[in-house]
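In our numbering, the protein residues as written are 49 to 218.
Structure, rendered in structure tokens:
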């Protein structure tokens, strides 16, 4: 099964395995200091997106940096996780069922004013971007997001050194 990734510049689709088909089926990666030298303590990010494939793709991208992820399909689930789990940042899709990122963001900021929340959407416009920043978004990203841009922004939100630049093959 081909999986769509929210990243610009992907040349071929990733193939899903049984282990990557569902976030619950995938154990969170554990990284020691030797595997992720920039990480002094484990970091967890909440990935809130109604698309399982997007969440798993982002989680895989971040696991290379030693960043673990928690998953939510709605803004309501995201808020519950923020209130009950140790989360160091969150990435919210603006358009999710029940409660989208724009509705969830002020509630999350009310529960955890210190939590950096990045928002992203494939249907972003200037008005949505301004509103997201006004209500407390740390950064606003447009899908498809280039992988190195997403990694840079998440590292910045977590207070980590920037990841190495992407390797360009001639």
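No residue lacks a Cβ here, since even glycine has one placed at the ideal position from N, Cα and C.
Please read these numbers as outputs of a predicted model, since none were measured by experiment.
query	result
Which stretch, first to last residue, makes up the beta strand (DSSP E) that contains residue 183?	That residue, residue 183, is in no beta strand (DSSP E); it is neither H nor E in DSSP.
Can you find the residues in the same chain that come closer than 6 angstroms, C-beta to C-beta, to residue 210, ignoring five residues on each side of it along the sequence?	200 and 203
If you scan the stretch 155–213 from start to end, which runs of the alpha helix (DSSP H) of 4 or more residues do you find wholly inside it?	174–182 and 195–206
With which residues is residue 91 paired in a DSSP beta bridge?	115
Among the candidates 92, 123, 190 and 134, whose CA atom is the shortest distance from the CA of residue 174?	190
Confirm, please, whether the CB-CB distance from residue 115 to residue 93 is below 7 angstroms.	yes
DSSP three-state call for residue 121: helix, strand or coil?	coil
Determine the direct distance from the alpha carbon of residue 187 to that of residue 208, and round the result to whole angstroms.	16 angstroms
Could you check the C-alpha separation between residue 145 and residue 167 for me, to the nearest Å?	15 angstroms
So, for residue 69: in the same chain, excluding its five sequence neighbours on each side, which residues have a beta-carbon less than 6 angstroms away from its beta-carbon?	For residue 69, the pLDDT reaches just 36, beneath the cut-off of 50, and the residue's location in the model is therefore unreliable, leaving the point undetermined.
Starting from residue 218, trace the beta strand (DSSP E) in both directions and tell me its first and last residue.	It is not in any beta strand (DSSP E) - residue 218 carries neither H nor E in the DSSP assignment.
What residues in its chain sit with their C-beta under 8 angstroms from that of residue 125, if we drop five residues either side in the sequence?	96
Going by C-alpha distance, which of 106, 149 and 100 is nearest residue 181?	149
Does the distance from the C-beta atom of residue 141 to that of residue 121 stay below 7 angstroms?	no
Run through DSSP, which three-state label would residue 100 get?	helix
Do we get a CB-CB distance below 7 angstroms when we pair residue 125 with the residues of chain C?	Absent here is chain C; the protein component of the structure consists of one chain.
So what does DSSP say about residue 109, is it helix, strand or coil?	helix
Which residue's Cα is closest to the Cα of residue 163: 177, 147, 185 and 176?	185
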